[in-house]
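K.L.:
The sequence shown begins at 173 in this note's numbering and counts up by one.
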Amino acid sequence: FYAKIDIILNGKTHIIDARPSDAINIALRCNAPIYVSNEVFQKIKKEESEELNLEDLEELIEVKENI
């Protein structure tokens with residue numbers, strides 16, 4: 173997978189290539205939206221045998237809040 177970070181500075185948009193983990197980390201710290209293409213979800217769905225349930229999601233949110 174790959175990611176990009178769109179930054180608007182002084183009215184100009186700058187696009188930066190990034191690792192997905194870095195892009196997610198920056199977005200979480202800046203309280204910025206995170207967008208994921210449907211293609212990524214489809215690929216993950218094919219690779220994963222288990223679905224993410226509500227308990228897993230709550231655990232991820234708790235980890236994020238403790239960063």
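Yeah, the Cβ is synthetic: ideal placement off N, Cα and C, and Gly gets one too.
Can you tell me whether residue 206 is helix, strand or coil according to DSSP?
P.N.:
As a working note, residue 206 is residue 34 in the sequence shown. If DSSP states are grouped into helix, strand and coil, residue 206 belongs with coil.
K.L.:
CA-CA distance, residue 173 and residue 191?
P.N.:
What you label residue 173 is simply residue 1 of the sequence shown in a count that begins at 1. What you label residue 191 is simply residue 19 of the sequence shown in a count that begins at 1. If you draw a straight line from the Cα of residue 173 to the Cα of residue 191, it comes to about 8 Å.
K.L.:
Among 184, 182 and 188, whose alpha-carbon lies nearest the alpha-carbon of residue 176?
P.N.:
The residue given as residue 176 occupies position 4 in the sequence shown. Out of 184, 182 and 188, 188 has the C-alpha closest to the C-alpha of residue 176.
K.L.:
Are the beta-carbon atoms of residue 185 and residue 178 separated by less than 8 Å?
P.N.:
Within the sequence shown, the letter at position 13 stands for residue 185. Within the sequence shown, the letter at position 6 stands for residue 178. Yes, Cβ-Cβ distance for residue 185 and residue 178 is below 8 Å.
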